[in-house]
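In our numbering, the protein residues as written are 25 to 91. This report concerns only the one structure given below.
Have a look at this one:
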């Protein structure tokens with residue numbers, strides 16, 4: 025997967041499930057890739073959320089995921 029696509033997917037997943045962007049998380053693309061780049065985007069977001077005890081949005085199922 026291309027870097028830009030991966031980072032876009034991460035950002036969208038963070039927004040959809042936790043209401044934050046990658047920037048809100050305090051990381052830039054290089055920092056995210058250094059920490060989680062070996063994992064699929066969805067797994068990486070869940071690992072980040074678990075590490076920082078993020079609470080999922082209650083309405084995450086109703087937020088559309090669009091590219």
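Using N, Cα and C, we set each Cβ at its ideal position, and we do this for glycine too.
Asked: N-terminal and C-terminal residue of the alpha helix (DSSP H) that residue 76 is part of; Found: Note, residue 76: premise wrong, no alpha helix (DSSP H); not H, not E.
Asked: Residues near residue 35 in its chain [Cβ-Cβ closer than 7 Å; skip 5 each side]; Found: 45, 46
Asked: Check whether residue 60 and residue 76 have beta carbons under 8 Å apart; Found: no
Asked: Distance between residue 38 and residue 69 (C-alpha atoms, nearest Å); Found: 7 Å
Asked: Residue from 51, 42, 74, 65 whose Cα sits closest to the Cα of residue 29; Found: 65
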